[in-house]
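Engineer:
Numbering (the numbering used here), first residue to last: 4 to 125.
1. Can you give me the C-alpha to C-alpha distance between residue 40 and residue 96, rounded to a whole angstrom?
2. For residue 100, is the classification buried or exposed, using 16 other Cβ atoms within 10 angstroms of its Cβ as the cut-off for buried?
3. Do residue 38 and residue 20 come within 9 Å of each other at the CB atom, strictly closer than that value?
4. Over what stretch of residues does the beta strand (DSSP E) that includes residue 107 continue unbroken?
5. Just verifying my parser: in three-state terms, what is the DSSP assignment at residue 103?
6. What does the alpha-carbon distance come out to for the pair residue 59 and residue 73?
7. For residue 33, which of 51, 16, 56 has the nearest alpha-carbon?
8. Residue 51 by DSSP, collapsed to three states: which one?
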């Protein structure tokens, strides 16, 4: 842990092009995504449409496709793309020395962040 940031583990635990989940006691499960561009993003693990598990979706570029009804969700800002409407809260994330950190107040307090603060490149 670094101050306000929670250390959730090494970047090597998430293969590029996939996601892993982080259960939050008393809160919403978080999905942490690792793109093929070696960027990392964190969102609540549910689609705004029917609450499908985004962590089980297909990651392409900086988008994840929900496994239930094929909604495309931006990993950068959590917004549904195309004709679909809705938004998934994003969680501030940073990578430092090969480890992934999430902003403690967003995880514990359930805070939502601005889109430009929710990604990090390794």
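All residues carry an ideal CB built from backbone N, CA and C; glycine is no exception. Note that the structure is a prediction, hence the values are computed from the model and not measured.
Structural biologist: Let me spell this out:
1. 16 Å
2. exposed
3. yes
4. Taken as a continuous stretch (DSSP letters only), residue 107 belongs to no beta strand (DSSP E), being part of the alpha helix (DSSP H) at 107-111.
5. strand
6. 11 Å
7. 56
8. coil
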